[in-house]
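Novice: Before we start, here is the structure in question, set down as structure tokens.
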Amino acid sequence: MSVIRDLVFDCRHPASLARFWAAALDGYNVAAYDEAELARLRAVGIDDPEDDPTVLVEAGPGIRPRLFFQLVPETKVVKNRVHLDLASDDPAAEVERLVALGARVLTEHPEHVVLADPEGNEFCLLG
């Protein structure tokens with residue numbers, strides 16, 4: 001039987017999109033860079049984690065799913081085929097907070113709001 005390990009986002013700038021989602025989700029953080037990871041990046045010519053082509057966002061040990069952001073050359077051109085549904089006890093305040101982080105509101109409905117992250121990936125916020 002399979003289990004979800006990671007949700008993977010194709011994106012143009014993994015570090016900044018990872019920071020957005022880490023800030024958007026309760027309990028999630030961009031995975032810390034230890035010396036071994038920094039050495040691995042340097043070995044492939046990357047001196048700054050900001051240029052890392054693969055960035056991990058995770059919660060505490062064993063908590064799934066993790067979010068993985070990977071660099072792709074193309075930009076997003078069509079609607080997502082899969083999206084995240086987030087929930088909040090105070091949707092109006094949460095929309096305001098997410099917009100301040102870089103999201104934008106696409107449509108508002110009686111039961112939910114459709115937003116886009118900084119790279120245009122749609123997600124919903126439910127009350």
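All residue numbers for the sequence shown refer to the UniProt record's numbering, where the first residue is 1 and numbers rise by one. A virtual CB, placed ideally from N, CA and C, is assigned to each residue, including glycine. These numbers were taken from a predicted model, which means no experiment stands behind them.
(1) If you reduce the DSSP assignment to three classes, tell me which class Val44 lands in.
(2) Using a 10 Å radius around the Cβ and a threshold of 16 neighbouring Cβ atoms, would you call Arg40 buried or exposed?
(3) Beta carbon of Leu84, beta carbon of Phe20: below 7 Å?
(4) Evaluate the contact criterion for the region 20-34 versus the region 51-66: three or more CB pairs, one atom per stretch, below 8 Å.
(5) On the DSSP bridge assignment, give the partners of Glu96 in chain order.
Specialist: Working from what's here:
(1) Assigned with DSSP and collapsed to three states, Val44 falls in coil, not helix or strand.
(2) Arg40 should be labelled exposed.
(3) Contact: no.
(4) Contact between the region 20-34 and the region 51-66 is present, because at least three Cβ pairs lie under 8 Å.
(5) Glu96 pairs with nothing; no bridge assigned.
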